[in-house]
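*Asks:* Please read through the structure below; I'll follow up with questions.
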Amino acid sequence: GDSVTQMEGPVTLSEEAFLTINCTYTATGYPSLFWYVQYPGEGLQLLLKATKADDKGSNKGFEATYRKETTSFHLEKGSVQVSDSAVYFCALTPGSNYQLIWGAGTKLIIKP
Amino acid sequence: DGGITQSPKYLFRKEGQNVTLSCEQNLNHDAMYWYRQDPGQGLRLIYYSQIVNDFQKGDIAEGYSVSREKKESFPLTVTSAQKNPTAFYLCASSHSNQPQHFGDGTRLSIL
Numbered sequence: 060g061d062s063v064t065q066m067e068g069p070v071t072l073s074e075e076a077f078l079t080i081n082c083t084y085t086a087t088g089y090p091s092l093f094w095y096v097q098y099p100g101e102g103l104q105l106l107l108k109a110t111k112a113d114d115k116g117s118n119k120g121f122e123a124t125y126r127k128e129t130t131s132f133h134l135e136k137g138s139v140q141v142s143d144s145a146v147y148f149c150a151l152t153p154g155s156n157y158q159l160i161w162g163a164g165t166k167l168i169i170k171p
Numbered sequence: 479d480g481g482i483t484q485s486p487k488y489l490f491r492k493e494g495q496n497v498t499l500s501c502e503q504n505l506n507h508d509a510m511y512w513y514r515q516d517p518g519q520g521l522r523l524i525y526y527s528q529i530v531n532d533f534q535k536g537d538i539a540e541g542y543s544v545s546r547e548k549k550e551s552f553p554l555t556v557t558s559a560q561k562n563p564t565a566f567y568l569c570a571s572s573h574s575n576q577p578q579h580f581g582d583g584t585r586l587s588i589l
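Next comes the structure, spelled out in structure tokens:
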């Protein structure tokens, strides 16, 4: 069945460092891909999305490119801030129904 | 402002007691979802509903029940049959094939 695999956390970086959080997927058909962010004690917020191959989603300095050839959707940011500390979830929707398939989440810790 | 409202933010359950978590949305979304999140873990789907008066079990439905009598509302009841109910519960809604929008969650604990 469809699945999403994220790199295990926590990922600990210094402020202004470059961030990559890896996400790969398996899916039949043509899924849409998403990154969500969860700040401590809160619900999830949609960070960015991509609906077809080679699309690049971007928001708040974060970017991810839908790579069909490598079945990946890695999250990147050029210079992280302490306020980026959160848990990041990669997810896909198969396109044939409403459900989301979730990765396990990656906790990001940014130190000043 | 449109959004999803979950209440209460914190809830305590006594042994053998049923409790109901509220979820209301004013986004006019067709679909609504309930997830459970345990500390340091991802989301697991409990129930979802694509239209009023219809809902389907997710991956961990045992010990939970839902209703969808109105488009705006999708309450979740945690029954006494759920032996380990302590968790963070998240409600979400969406249009077909669109991103899900989440509420701020309800944290359930056992007294």
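Those sequence lines, one after another, are chains A and B. Under my numbering, residue 171 is the last one in the first sequence; the count climbs by one each step, no gaps. Under my numbering, residue 589 is the last one in the second sequence; the count climbs by one each step, no gaps. Quick reminder that beta carbons are idealized off the backbone N, C-alpha and C, glycines included. Here the structure is a predicted model, which is why all the values come from computation and not from measurement.
Would you kindly report the start and end of the unbroken beta strand (DSSP E) that includes Leu-151/A?
*Replies:* Locating residue 151/A in the first sequence gives position 92, counting from the first residue. Its beta strand (DSSP E) spans residues 145-152.
*Asks:* By the three-class DSSP mapping on this structure, what secondary structure does Val-141/A have?
*Replies:* As a first step, residue 141/A must be located in the first sequence, where it is residue number 82. In this structure, Val-141/A counts as helix in the three-state DSSP scheme.
*Asks:* Is DSSP giving His-507/B helix, strand or coil here?
*Replies:* Here residue 507/B corresponds to residue number 29 of the second sequence, with the count starting at 1. If DSSP states are grouped into helix, strand and coil, His-507/B belongs with coil.
*Asks:* For Asp-582/B and chain A, any beta-carbon pair shorter than 8 Å?
*Replies:* The sequence position of residue 582/B within the second sequence is 104, counting from 1. Asp-582/B counts as touching chain A.
*Asks:* Using a Cβ cut-off of 8 Å (strictly closer), state whether Tyr-542/B contacts chain A.
*Replies:* Numbered from its first residue, the second sequence carries residue 542/B at position 64. So no, Tyr-542/B is outside the interface.
*Asks:* Let me know if Phe-490/B comes out buried or exposed under the rule of 16 or more other beta-carbons within 10 Å of its beta-carbon.
*Replies:* As a working mapping, residue 490/B is identified with position 12 in the second sequence. Exposed.
*Asks:* Closer than 7 Å by beta-carbon distance: list the chain A residues that pair up with Gly-520/B, in chain order.
*Replies:* For the purposes of this step, residue 520/B is taken as the residue at position 42 of the second sequence. Within 7 Å Cβ-Cβ: Phe-148, Trp-161, Gly-162, Ala-163, Gly-164.
*Asks:* Grab the span of the beta strand (DSSP E) containing Asp-532/B for me, first residue to last.
*Replies:* By one-based count along the second sequence, residue 532/B stands at place 54. That run of the beta strand (DSSP E) goes 532-535.
*Asks:* Just to confirm, are Gln-503/B and Ile-482/B a CB contact at a threshold of 8 Å?
*Replies:* Translated into the one-based positions of the second sequence, residue 503/B becomes position 25. Translated into the one-based positions of the second sequence, residue 482/B becomes position 4. Cβ atoms of Gln-503/B and Ile-482/B: closer than 8 Å.
*Asks:* Per DSSP, which one or two residues make a beta bridge with Lys-136/A?
*Replies:* To locate residue 136/A, count along the first sequence from 1; it is residue 77. Leu-78/A, Phe-121/A, per the DSSP bridge assignment.
*Asks:* Exposed or buried, Lys-136/A, counting other C-beta atoms within 10 Å across all chains shown (16 or more means buried)?
*Replies:* Here residue 136/A refers to the residue found at position 77 of the first sequence. Lys-136/A comes out buried.
*Asks:* The stretch 550-578 of chain B: which residues have C-beta closer than 7 Å to a C-beta of chain A, in chain order?
*Replies:* Cβ contacts with chain A come from Leu-568, Ser-572, Ser-574, Asn-575, Pro-577, Gln-578.
*Asks:* Please report the residue range of the beta strand (DSSP E) in which Arg-546/B lies.
*Replies:* Along the second sequence, read from residue 1 onward, the residue named residue 546/B stands at position 68. Unbroken run through Arg-546/B: none, as it is neither H nor E.
*Asks:* Mind pulling the chain B residues with CB within less than 8 Å of Glu-128/A?
*Replies:* Walking along the first sequence from the start, residue 128/A turns up at place 69. By Cβ distance, chain B contributes nothing, its closest Cβ being about 23 Å from Glu-128/A, past 8 Å.
*Asks:* Find out if the Cβ-Cβ distance for the pair Gln-534/B, Ala-565/B is shorter than 8 Å.
*Replies:* The count along the second sequence starts at 1 and reaches residue 534/B at position 56. The count along the second sequence starts at 1 and reaches residue 565/B at position 87. Going by C-beta atoms, Gln-534/B is not nearer than 8 Å to Ala-565/B.
*Asks:* Looking at the secondary structure, which residues open and close the beta strand (DSSP E) in which Ile-588/B lies?
*Replies:* Here residue 588/B corresponds to residue number 110 of the second sequence, with the count starting at 1. First-last of the beta strand (DSSP E) with Ile-588/B: 584-588.
*Asks:* Is it true that the CB of Ala-145/A sits closer than 8 Å to the CB of Trp-161/A?
*Replies:* By 1-based counting over the first sequence, the position of residue 161/A is 102. By 1-based counting over the first sequence, the position of residue 145/A is 86. Against a cut-off of 8 Å, the Cβ pair of Ala-145/A and Trp-161/A comes out as no contact.
*Asks:* Measuring straight from C-alpha to C-alpha, what distance separates Gly-583/B and Ile-529/B?
*Replies:* By 1-based counting over the second sequence, the position of residue 583/B is 105. By 1-based counting over the second sequence, the position of residue 529/B is 51. Between Gly-583/B and Ile-529/B, the C-alpha separation is close to 22 Å.
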